[in-house]
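Here the numbering used here is used: the first residue of the sequence shown is 1, the next is one more, and so on. These notes are about the structure you will find just below.
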Amino acid sequence: MEKPISKKDQLYEGKAKVIFSTDTEGVNIMYFKDDATAFNAEKKGTIENKGVINNKISSAMFRYLEGKGVKTHFVEELSEREMAVKEVEIIPVEVIVRNITAGSISKRLGIDEGIELSSPILEYCYKDDDLGDPFINDYIIRVMGYATQAELDIMESVALKVNDLMKEFFDERGIILVDYKLEFGRYKGEVLLADEITPDGCRLWDKVTREKLDKDRFRRDLGNIEEAYEKVLNKVIK
Ligand code: TYD
């Protein structure tokens with residue numbers, strides 16, 4: 001029998017998660033907290049039970065994507081708030097995928113939210129909290145050495161494949177996948193989908209009512225945040 005994965009030292013504490021080393025080579029533990037932040041951590045709060053819900057949603061999404069041939073850092077769901085993941089080196093580029101206008105693109109371009117795009121838009125941000133995750137492009141990524149062209153090619157094609165898969169997945173469950181953020185990591189010469197896929201980093205709208213089922217409820221003080229996250233979980237694991 002395989003040795004169970006056991007937690008060792010805390011390596012890093014982020015805004016919504018804590019990463020621990022383990023005694024299994026190449027495996028870390030990701031612990032999901034209830035803490036929530038928005039607007040580059042200017043707004044802080046907690047969403048009761050969010051860590052438990054997000055661990056379940058993210059595990060289900062990674063399992064689904066792995067089943068469709070997407071390589072991810074997911075190893076296994078260990079407990080209510082813990083997931084075992086491969087110990088990747090995070091590529092400092094956030095990949096944002098948009099299907100419908102919302103949030104920063106609406107602000108930046110002066111266009112309404114809720115407009116369906118004729119094809120997905122990919123955007124890149126440099127992952128740096130002190131700088132507020134600035135908008136960057138492929139030239140900046142290559143020249144500054146954040147990722148190689150080969151890595152960028154993988155990130156782009158995986159992001160588009162994940163988009164097709166996730167759009168269909170949510171559509172079948174009565175949810176519109178508006179936009180979301182992906183992160184990737186390097187592991188033994190491969191580029192793996194990493195971080196989390198949860199309503200913290202996705203905009204998800206109810207297909208019928210267009211009710212927001214994501215972190216915009218926290219950002220915009222819309223209330224019923226936990227209920228919205230739970231609704232997503234129940235549809236995801238249906
Ligand atoms: P975006 O509209 O660019 O930013 P904001 O959330 O500030 O309006 O966000 C697009 C999607 O990506 C949205 O679902 C939130 C997610 N996202 C993150 O999770 N983290 C980030 O650092 C950024 C920039 C976006």
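Virtual Cβ for every residue (Gly too), placed ideally from N, Cα, C. Just so you know, these numbers come straight off a predicted model, no measurement behind them.
The ligand TYD has a heavy atom closer than 7 angstroms to the beta-carbon of G103.
A direct Cα-to-Cα measurement between I96 and K167 gives close to 14 angstroms.
Here Y31 has K17, V18, F20, R81, E82 as same chain residues with Cβ atoms under 7 angstroms from its own Cβ, once five neighbours each way along the sequence are excluded.
Proximity to N137 across L131, Y146, D130, V232 peaks at Y146, based on C-alpha coordinates. By the neighbour-count definition (other C-beta atoms within 10 Å, threshold 16), K215 is a buried residue. Boundaries of the alpha helix (DSSP H) harbouring L165: 149-172, taken from the DSSP string. In the DSSP assignment, A38 is bridged to K43. Taking 4 residues as the shortest admissible run, the segment 106-146 contains the following complete alpha helix (DSSP H) segments, listed from N- to C-terminal end: 138-143. Membership of G67 in any beta strand (DSSP E) is not indicated; the residue belongs instead to the alpha helix (DSSP H) covering 50-67. With a threshold of 16 other beta carbon atoms within 10 Å, L131 falls short and is exposed.
Between I154 and the set K15, K33, E42, V70, the nearest pair of CA atoms involves V70. Around the beta carbon of K231, a 10 Å sphere encloses 16 or more other beta carbons of the protein chains shown; the residue is thus reported as buried. Beta-bridge analysis with DSSP links N99 to no other residue. Going by C-alpha positions, K86 is about 8 angstroms away from I29.
Only buried fits T72, as 16 or more other CB atoms lie within 10 angstroms of its CB. Listed as beta-bridge partners of S104 by DSSP are no residues whatsoever. For L233, the enclosing alpha helix (DSSP H) covers residues 225-236. In this structure, the C-beta of K181 approaches the ligand TYD to less than 7 angstroms from one of its heavy atoms. In the displayed model, D200 falls within coil according to three-state DSSP, outside both helix and strand.
Annotation for E116: I100 place their beta carbon closer than 6 angstroms to its own, counting only its chain and skipping 5 residues before and after. With a threshold of 7 angstroms, the Cβ atom of G114 does not count as near the ligand TYD, since no heavy atom of the ligand is closer than that.
Cα atoms of K7 and L65: separation of roughly 26 angstroms, rounded to the nearest angstrom.
When D34, S59, D23 are compared, the shortest CA-CA separation from Q10 is found for D23. Here R186 carries a strand assignment [DSSP, helix/strand/coil]. The C-beta distance from D206 to I175 rounds to 7 angstroms, short enough to fall under 8 angstroms.
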